[in-house]
Amino acid sequence: MQKDPFPKFKALLKKSNDIVIVTHYNPDGDAMGSSLALYNYLIKTEKNVTVITPNDYPDFLHWLPGNKKVIAFNTHQKKAAALIAKSDLIFTLDFNNYSRLEGLGELLKNYTGKTILIDHHQQPDTYATLMYHDVKACSTCELIYEFIVGLGGKKLIDKDIASCLYTGIMTDTGSFRFDSVTPTTHHILAHLLETGIVPSDIHSAVYDTYSESRVRLLGYCLTEKMVVIPEMQTAYMSLTEKELSRFQHKKGDTEGIVNYPFSIKGITFCAFFSEGEGKVKISFRSKGKFDVNQFARKYFNGGGHINAAGGRGNVSDIEVTIKEFLALLPQYKKEILKK
Ligand code: 5GP
Ligand code: MN
């Protein structure tokens, strides 16, 4: 990242009044936390701001301040298109190529206004007018905090903005335990706590809202569907559409399941496959050197971070996708086993 990028950001913001913030398909805690933190900050600076998501997001993020103003593109296409056409600046948060937007990406590809990308994923595309990008940041929320501070807005960080930022940092770091967490992260968290947010309330609002069927789905998945391959230090799970509906699956219900096999001693690579919308969605997680961003990019139309990435199957058949995955494992044995 260049030394002081803020004069350019300040100049562009000064010229922009109608601003749209977009984030990736199936928004998670960091996507919504970063979008709504920036939204709450920008409205305090007298801008007209709208957050547009490609589609809906889980109920456990609906308490975030500003949530009611969010527009989902899949259900409000005309309104979203009009807002984008009218805007002079678009922020793209927590993703870095338009394929992560599904249908909304087509609108943005033809956009003639200015764009600012703020993100922490590997290998960003170069569509943006300006970028604030750092793969070392634990979350996009960490970057949004630095961005607001860089613009001179530290004093405007109130409880609402802090709640959003805390949520994104918490959800993207496995509650502050991943290697991406640094002293800087904790300095930021300390400031966020000073605004009066209550960490246990935020944790509960995100994690203690499961339905009974979601907990049973997790139990089923671990008992019946987890496959452990000890010699590859790998475990994977899969859920078909039929299995998901048996447990009254709702958006977000499978989030985080991929990580459970890491509790088994020695496991360093986990994968999770699920059917939906005619596709097979895949999550990959690794510990140590094995780069799942490259793996997801190369074989499964995806990407993400070195230790956390996602993608989708090349075919809509989940069994075929799992077979493809299993056939790839032997050639990566060395990387998967390396500390
Ligand atoms: P998850 O497995 O939780 O859906 O995603 C893990 C990480 O990979 C997240 O940072 C997410 O943004 C990224 N990711 C998930 N799916 C995709 C995808 O299809 N393409 C790319 N480029 N990144 C993805
Ligand atoms: Mn993120």
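For the record, in the sequence shown the residue sitting at position 72 is 72 according to this note's numbering, with numbers rising by one throughout. Every residue gets a Cβ at the ideal spot worked out from N, C-alpha and C, and that includes glycine.
8 angstroms Cβ shell around residue i - same chain, five flanking residues per side excluded
{"i": "Glu-241", "result": "Glu-275 and Gly-276"}
{"i": "Asp-125", "result": "Asn-96, Asn-97 and Tyr-98"}
{"i": "Phe-9", "result": "Ile-116, Leu-130, Tyr-132, Phe-147, Gly-150 and Leu-151"}
{"i": "Lys-250", "result": "Pro-58, Asp-59, Ser-211 and Arg-214"}
{"i": "Asn-259", "result": "Gly-174, Cys-270 and Arg-285"}
{"i": "Tyr-111", "result": "Ile-84 and Ile-90"}
Reference residue i; option with closest CA among the options
{"i": "Leu-12", "options": "Ile-257, Pro-27, Phe-91 and Trp-63", "result": "Phe-91"}
{"i": "Gly-288", "options": "Ile-148, Ser-180 and Arg-297", "result": "Ser-180"}
{"i": "Gly-357", "options": "Asp-317, His-133 and Thr-50", "result": "With the chain running from 1 to 339 in the structure shown, residue 357 is simply not present."}
{"i": "Ser-263", "options": "Arg-214, Asp-18, Met-226 and Leu-64", "result": "Met-226"}
{"i": "Tyr-57", "options": "Tyr-39, Ala-308, Gly-29 and Leu-218", "result": "Gly-29"}
{"i": "Lys-154", "options": "Ile-169, Ile-188 and Lys-109", "result": "Ile-188"}
{"i": "Leu-117", "options": "Ala-128, Asn-110 and Lys-109", "result": "Ala-128"}
{"i": "Leu-83", "options": "Glu-231, Ala-327 and Ile-71", "result": "Ile-71"}
{"i": "Pro-27", "options": "Asn-48, His-62 and Asn-17", "result": "His-62"}
{"i": "Val-22", "options": "Thr-268, Lys-8 and Asp-119", "result": "Asp-119"}
{"i": "Phe-272", "options": "Tyr-145, Pro-261 and Phe-6", "result": "Pro-261"}
{"i": "Pro-5", "options": "Tyr-166, Ser-204, Glu-319 and Asp-134", "result": "Asp-134"}
{"i": "Glu-102", "options": "Gln-77, His-121 and Gln-123", "result": "Gln-77"}
{"i": "Thr-45", "options": "Ile-144, Pro-199 and Leu-156", "result": "Leu-156"}
{"i": "His-186", "options": "Ala-137, Asn-307 and Leu-36", "result": "Ala-137"}
{"i": "Thr-195", "options": "Ala-235, Ser-163, Asp-201 and Thr-184", "result": "Ser-163"}
{"i": "Phe-290", "options": "Gly-252, Leu-108 and Leu-337", "result": "Leu-337"}
{"i": "Lys-339", "options": "Gly-311, Ala-296, Gly-266 and Ile-318", "result": "Gly-266"}
{"i": "Phe-94", "options": "Asp-160, Thr-140 and Ile-282", "result": "Per the sequence presented here, residue 94 reads as Asp, with Phe not at that position. It is Thr-140 whose Cα lies nearest to the Cα of Asp-94."}
{"i": "Lys-323", "options": "Glu-106, Lys-14, Phe-300 and Leu-108", "result": "Phe-300"}
{"i": "Ala-31", "options": "Ile-169, Lys-159 and Ser-16", "result": "Ile-169"}
{"i": "Val-228", "options": "Gly-113, Tyr-332 and Thr-268", "result": "Thr-268"}
{"i": "Ser-16", "options": "Lys-68, Gly-113, Ala-81 and Ile-52", "result": "Gly-113"}
Classification of residue i by the beta-carbon crowding that lies within 10 angstroms, buried from 16 upward
{"i": "Pro-54", "result": "buried"}
{"i": "Pro-330", "result": "exposed"}
{"i": "Ser-34", "result": "buried"}
{"i": "Ala-309", "result": "buried"}
{"i": "Glu-142", "result": "buried"}
{"i": "His-305", "result": "buried"}
{"i": "Thr-254", "result": "buried"}
{"i": "Leu-193", "result": "exposed"}
{"i": "Asn-293", "result": "buried"}
{"i": "Ala-190", "result": "exposed"}
{"i": "Leu-20", "result": "Correcting the residue identity first, residue 20 is Val in this sequence and not Leu. Buried is the call here."}
{"i": "Asp-208", "result": "exposed"}
{"i": "Gly-252", "result": "buried"}
{"i": "Thr-167", "result": "buried"}
{"i": "Gln-233", "result": "buried"}
{"i": "Ser-283", "result": "buried"}
Helix, strand or coil at residue i [DSSP, three-state]
{"i": "Asp-119", "result": "strand"}
{"i": "Ile-322", "result": "helix"}
{"i": "Cys-164", "result": "helix"}
{"i": "Phe-262", "result": "helix"}
{"i": "Tyr-57", "result": "coil"}
{"i": "Lys-281", "result": "strand"}
{"i": "Tyr-132", "result": "strand"}
{"i": "Thr-268", "result": "coil"}
{"i": "Asn-48", "result": "strand"}
{"i": "Ala-236", "result": "Looking at the sequence shown, residue 236 is not Ala but Tyr. In this structure, Tyr-236 counts as strand in the three-state DSSP scheme."}
{"i": "Leu-151", "result": "coil"}
{"i": "Arg-177", "result": "coil"}
{"i": "Gly-196", "result": "coil"}
{"i": "Ala-137", "result": "coil"}
{"i": "Gly-288", "result": "coil"}
{"i": "Ser-274", "result": "strand"}
{"i": "Val-352", "result": "What the structure shows of the chain is the stretch from 1 to 339, and residue 352 is not part of that stretch, so it cannot be assessed."}
{"i": "Phe-295", "result": "helix"}
{"i": "Phe-91", "result": "strand"}
{"i": "Val-215", "result": "helix"}
{"i": "Ile-19", "result": "strand"}
{"i": "Gly-310", "result": "strand"}
{"i": "Val-206", "result": "helix"}
{"i": "Lys-250", "result": "coil"}
{"i": "Lys-334", "result": "helix"}
Cβ shell of residue i (< 6 angstroms), same chain only, five flanking positions each side left out
{"i": "Val-206", "result": "Phe-60"}
{"i": "Gly-313", "result": "Val-280 and Thr-321"}
{"i": "Gly-278", "result": "Ser-316"}
{"i": "Asp-18", "result": "Asn-48, Lys-86, Ser-87 and Asp-88"}
{"i": "Asn-74", "result": "Asn-55"}
{"i": "Leu-36", "result": "Leu-64, Gly-66 and Cys-164"}
{"i": "Leu-104", "result": "Pro-54 and Phe-73"}
Residues of its chain near residue i, where Cβ-Cβ distance is below 7 angstroms and the 5 sequence neighbours each way are ignored
{"i": "Gln-248", "result": "Ser-213"}
{"i": "Ala-327", "result": "none"}
{"i": "Cys-221", "result": "Met-237, Leu-239 and Ile-257"}
{"i": "Tyr-25", "result": "Pro-54, Asn-55, Arg-100, Leu-101 and Glu-102"}
{"i": "Leu-218", "result": "Ile-257"}
{"i": "Tyr-41", "result": "Ile-148, Gly-153, Leu-156 and Ile-161"}
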